[in-house]
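Visitor: The letter at position 87 of the sequence shown is residue 87 when you use the UniProt record's numbering, and the numbering goes up by one with no holes.
My structure is below; once you've seen it, I'll send some questions.
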Amino acid sequence: MTQWYYADAQRQRQGPVDTETLAARLSQGIIDRTSLVWREGLPQWVTLSEVASELGVDAAGLATTEPPVYSPVAAPADSAQWAAAAAEPSPQAATPATDTPFGTTVMPASAELADPALRDHHTTADYDPDSSGAPAAPTETTSWSGSPTNAADVSAQPAPTTPAPAPTETVPPAAAAPLPSAWETPVAASPAAAAIAHDAPVVYAGLWRRVAASILDSLVTTFAVYLIVIPLVFVVAFGSSLGDSASTLDDGSALGIAIVVMSYGIGLAIPTLYFAWMQSSRLQASLGKLACGIKVVRADSNGARVGFWRNVLRYLAYMLISVLTLGIGAVVAAFMAGMSQRKQTPHDKICDTLVVDRWAFTDRPELQSRGLDTVSIVVLAIYGVMLVLSIVVVVIMLATIGMSQS
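Put into structure tokens, the structure is as follows:
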């Protein structure tokens with residue numbers, strides 16, 4: 001079912017609604033042919049008249065609702081005295097009609113009409129709330145002077161000059177907010193909208209983005225391992241030096257083996273816990289993956305989070321494949337990450353996981369990046385420069401050693 005979004009009279013986005021509801025809003029006058037609408041598949045917002053055929057509405061029959069036209073209310077013409085008195089200006093004539101409720105005329109309490117006919121006509125012209133439900137038309141209001149004289153005397157008196165009312169400052173209307181772009185679908189607006197977002201194409205993380213993330217993660221884990229191992233080795237060595245020197249010499253080999261085993265154990269445990277904890281959190285990514293804009297999800301599950309123990313198994317599988325094959329497994333993993341359709345490495349296939357762009361399986365799939373991001377490019381460039389410098393230094397050292405022996 002097609003989901004529509006439309007802009008109301010205040011230019012605020014509304015929706016989603018189905019096609020029948022949108023057509024009903026049109027027939028009710030809530031929107032018209034000039035209202036902007038959008039649905040999935042349209043490149044931008046369009047007027048409703050452009051998609052009238054999709055709504056089952058005749059585009060030629062659409063018309064903008066015109067405001068009602070009000071005709072001025074004519075004053076009673078059965079009395080010449082009424083016309084003469086109404087044409088006479090008075091000091092109260094400057095009072096705007098909007099200052100009185102329902103647009104009624106201003107009549108001072110002390111003012112009385114000498115002629116009963118004028119009084120009757122004036123009473124008839126007053127607002128009657130029960131006479132009609134239509135809004136009163138804006139008419140000029142006539143105020144009456146407060147002296148009880150006849151109409152002839154009133155017409156003979158000179159017209160007093162009254163200053164014109166000061167013009168009120170007109171406040172310009174606030175600028176209307178711009179309409180959203182076509183991609184700005186409300187987050188979790190409806191199950192249908194969520195299904196559309198999850199059915200969007202998924203960008204899988206390729207080889208070089210994963211390499212850049214691995215470089216950053218190795219810096220984090222190496223720092224954490226050394227932060228624990230180095231002080232621990234000093235403590236163990238200092239404790240053994242306080243004991244019997246003879247026993248220390250006898251147990252030196254055992255102590256060295258214990259330190260090596262402990263160091264390797266910590267070096268394996270810290271990265272395992274680090275990746276398992278970070279990738280099973282709501283972020284679904286380690287620090288390196290976060291910096292490079294990728295995350296780990298369950299395969300064939302619309303981006304579900306990977307559990308803690310599955311992440312533990314994933315890292316251990318990667319280490320075992322790399323170590324037991326003497327590094328060949330790492331080369332195979334790199335080849336599969338760069339060439340396979342879903343960019344799955346052997347440990348991804350074992351644990352049924354995927355590495356995708358951070359915006360995949362979200363409500364903003366258009367933000368996915370298919371190429372290298374800025375962080376990945378910078379990390380790879382720095383790492384490449386350091387690698388080249390290391391090779392140059394090693395070559396110089398080997399050449400120096402060879403020249404010294406010759």
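Just so you know, even glycine gets a beta-carbon here, dropped at the ideal spot from N, CA and C.
So the candidates are Ile-259, Ser-240, Leu-316; which of them puts its Cα closest to the Cα of Ile-230?
Guide: Here residue 230 refers to the residue found at position 230 of the sequence shown. Nearest option by C-alpha distance: Ile-259.
Visitor: From Thr-2 to Arg-39, what does the alpha carbon distance come to, in whole angstroms?
Guide: Residue mapping note: residue 2 aligns to position 2 of the sequence shown, counting from 1. Residue mapping note: residue 39 aligns to position 39 of the sequence shown, counting from 1. Distance between the alpha carbons of Thr-2 and Arg-39: 7 Å.
Visitor: Is Ser-390 buried or exposed, if buried means 16 or more other CB atoms sit within 10 Å of its CB?
Guide: What you label residue 390 is simply residue 390 of the sequence shown in a count that begins at 1. Answer is exposed; the Cβ neighbour count stays below 16.
Visitor: Using a threshold of 9 Å, state whether the C-beta atoms of residue 420 and Thr-272 are closer than that.
Guide: In this structure the chain extends from 1 to 406, so residue 420 is not present and cannot be described.
Visitor: With respect to the alpha helix (DSSP H) encompassing Pro-346, which residues constitute its N-terminal and C-terminal limits?
Guide: Start at 1 with the first residue of the sequence shown, and residue 346 comes out as number 346. Per DSSP, Pro-346 belongs to the alpha helix (DSSP H) from 346-351.
Visitor: Rounded to whole angstroms, what's the CA-CA distance from Thr-345 to Ile-215? Just pull it up for me.
Guide: As a first step, residue 345 must be located in the sequence shown, where it is residue number 345. As a first step, residue 215 must be located in the sequence shown, where it is residue number 215. Distance between the alpha carbons of Thr-345 and Ile-215: 17 Å.
Visitor: Nearest to residue 407 by CA position, among Gln-10, Thr-222, Ser-301, Leu-283, is which residue?
Guide: No answer is possible for residue 407: the residues shown for the chain start at 1 and end at 406.
Visitor: Return the first residue and the last residue of the beta strand (DSSP E) that Trp-4 is part of.
Guide: Numbered from 1 along the sequence shown, position 4 holds the residue referred to as residue 4. Run containing Trp-4: 4-7, per the beta strand (DSSP E) assignment.
Visitor: Within 10 angstroms of the Cβ of Tyr-6, are there 16 or more other Cβ atoms? Answer buried if so, exposed if not.
Guide: In the sequence shown, counting from the first residue as 1, residue 6 sits at position 6. Classified as buried, Tyr-6 has 16 or more neighbouring CB atoms from the shown chains inside 10 Å of its CB.
Visitor: Start and end of the beta strand (DSSP E) containing Ile-294?
Guide: Within the sequence shown, the letter at position 294 stands for residue 294. Ile-294 -> beta strand (DSSP E) spans 294-298.
Visitor: Do Ala-212 and Ser-322 have their C-beta atoms closer together than 9 Å?
Guide: Counting from 1 along the sequence shown, the entry for residue 212 is found at position 212. Counting from 1 along the sequence shown, the entry for residue 322 is found at position 322. The answer is no: Cβ separation not under 9 Å.
Visitor: Check whether the Cβ atoms of Ala-333 and Trp-309 lie closer than 9 Å to each other.
Guide: The residue you call residue 333 lines up with position 333 of the sequence shown. The residue you call residue 309 lines up with position 309 of the sequence shown. The Cβ atoms of Ala-333 and Trp-309 do not sit closer than 9 Å to each other.
Visitor: Can you list, in chain order, the residues of its chain with a C-beta nearer than 6 Å to that of Ala-83? Leave out the 5 residues immediately preceding and following it.
Guide: The residue labelled residue 83 in the question sits at position 83 within the sequence shown. Its pLDDT being 47, under 50, Ala-83 is placed unreliably by the model, and the measurement read from it follows with that caveat. Taken in chain order, the list of residues that qualify is empty.
Visitor: Less than 9 Å separating the beta-carbons of Val-203 and Val-393?
Guide: For the purposes of this step, residue 203 is taken as the residue at position 203 of the sequence shown. For the purposes of this step, residue 393 is taken as the residue at position 393 of the sequence shown. Cβ atoms of Val-203 and Val-393: not closer than 9 Å.
Visitor: Quick check: what's the CA-CA separation for Phe-361 versus Arg-342?
Guide: Taking the sequence shown and counting its residues from 1, the one referred to as residue 361 is at position 361. Taking the sequence shown and counting its residues from 1, the one referred to as residue 342 is at position 342. The straight-line gap from Cα to Cα measures roughly 15 Å.
Visitor: Go to Leu-324, then tell me how far its beta strand (DSSP E) extends in each direction, as first and last residue.
Guide: Along the sequence shown, read from residue 1 onward, the residue named residue 324 stands at position 324. DSSP places Leu-324 outside any beta strand (DSSP E); the residue lies instead in the alpha helix (DSSP H), whose first and last residues are 308-324.
Visitor: By how many angstroms is the C-alpha of Trp-359 removed from the C-alpha of Arg-305?
Guide: Within the sequence shown, residue 305 is the residue found at index 305, counting from 1. Within the sequence shown, residue 359 is the residue found at index 359, counting from 1. If you take the alpha carbons of Arg-305 and Trp-359, they lie about 14 Å apart.
Visitor: Would you check if the distance between the CB atom of Asp-352 and the CB atom of Leu-287 is smaller than 9 Å?
Guide: Mapped onto the sequence shown, residue 352 falls at position 352. Mapped onto the sequence shown, residue 287 falls at position 287. Result no, Cβ atoms of Asp-352 and Leu-287 do not sit closer than 9 Å.
Visitor: What residue does the beta strand (DSSP E) around Pro-16 start on, and which one ends it?
Guide: The residue given as residue 16 occupies position 16 in the sequence shown. Element bounds for Pro-16: 13-17.
Visitor: Which same chain residues end up closer than 8 Å to Ala-224 when comparing Cβ atoms and leaving out the 5 residues on each side of it in sequence?
Guide: For the purposes of this step, residue 224 is identified with residue 224 of the sequence shown, where counting begins at 1. Cβ neighbours of Ala-224 within its own chain (closer than 8 Å, five residues either side excluded): Ile-270, Tyr-274.
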